[in-house]
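Enquirer:
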Amino acid sequence: GSMQSAKLALELNKPLYVLPQRLGESTATNLLLKENKAKLICDFKEFVSEFASIDTNQDEFLEFCKKGVSVDEALKIYGQKVYEYELEGKISIEGLFIRVLV
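Numbering-wise (the working numbering), the sequence shown opens with residue 1022 and increments by one.
(1) Using the DSSP secondary-structure output, state which residues sit across from S1113 in a beta bridge.
(2) List the residues that DSSP assigns as beta-bridge partners of L1061.
(3) Are there 16 or more other CB atoms within 10 angstroms of the CB of C1086, so buried, or fewer, so exposed?
(4) From the DSSP secondary-structure annotation, give me the bridge partner or partners of S1091.
(5) On a CA-only basis, which of S1047, I1062, L1083 is nearest G1022? Give me that one, please.
(6) State the Cα-Cα distance for the pair S1070 and E1109, rounded to the nearest angstrom.
(7) Is there contact here, the segment 1053 to 1063 with the segment 1080 to 1095, by at least three beta-carbon pairs under 8 Å?
(8) With a CB to CB cut of under 8 Å and the five nearest residues on each side skipped, what residues in its chain are close to D1093?
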């Protein structure tokens, strides 16, 4: 499982990142953090910035979504771009509405 992947990453001297867990759960994850073998991901933008820059140019679609539009409205105007942006982590579809993540 996850610890086998972590073990392999450590053997290959690859950086290891973990997500926050509730107390009493994922003791292996907490042990990796305690032993400074993994870094905690607590800010997604900060985490991503370690690997790539985030384009801060105005994006017509994102500006549209910031107005609190429904998925149906966005699909009518922008089509598949809605799902592309969701896969890229730029938006989140939450129920009937879109939330901008970037």
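Glycine included, every Cβ here is placed at the ideal spot set by N, Cα and C.
All figures in this text were calculated on a predicted structure; none of them were measured in a lab.
Expert: Concretely, from the data shown:
(1) Mapped onto the sequence shown, residue 1113 falls at position 92. Per DSSP, R1120.
(2) Translated into the one-based positions of the sequence shown, residue 1061 becomes position 40. Answer is V1039.
(3) Locating residue 1086 in the sequence shown gives position 65, where the first residue counts as 1. Buried, by the Cβ-count rule.
(4) What you label residue 1091 is simply residue 70 of the sequence shown in a count that begins at 1. Answer is F1118.
(5) Walking along the sequence shown from the start, residue 1022 turns up at place 1. Closest option to G1022, Cα to Cα, is S1047.
(6) Here residue 1070 refers to the residue found at position 49 of the sequence shown. Here residue 1109 refers to the residue found at position 88 of the sequence shown. Using only the alpha carbons, I get a separation of about 14 Å.
(7) The segment 1053 to 1063 vs the segment 1080 to 1095: no contact.
(8) The residue you call residue 1093 lines up with position 72 of the sequence shown. Excluding sequence neighbours, D1093 sits near L1117.
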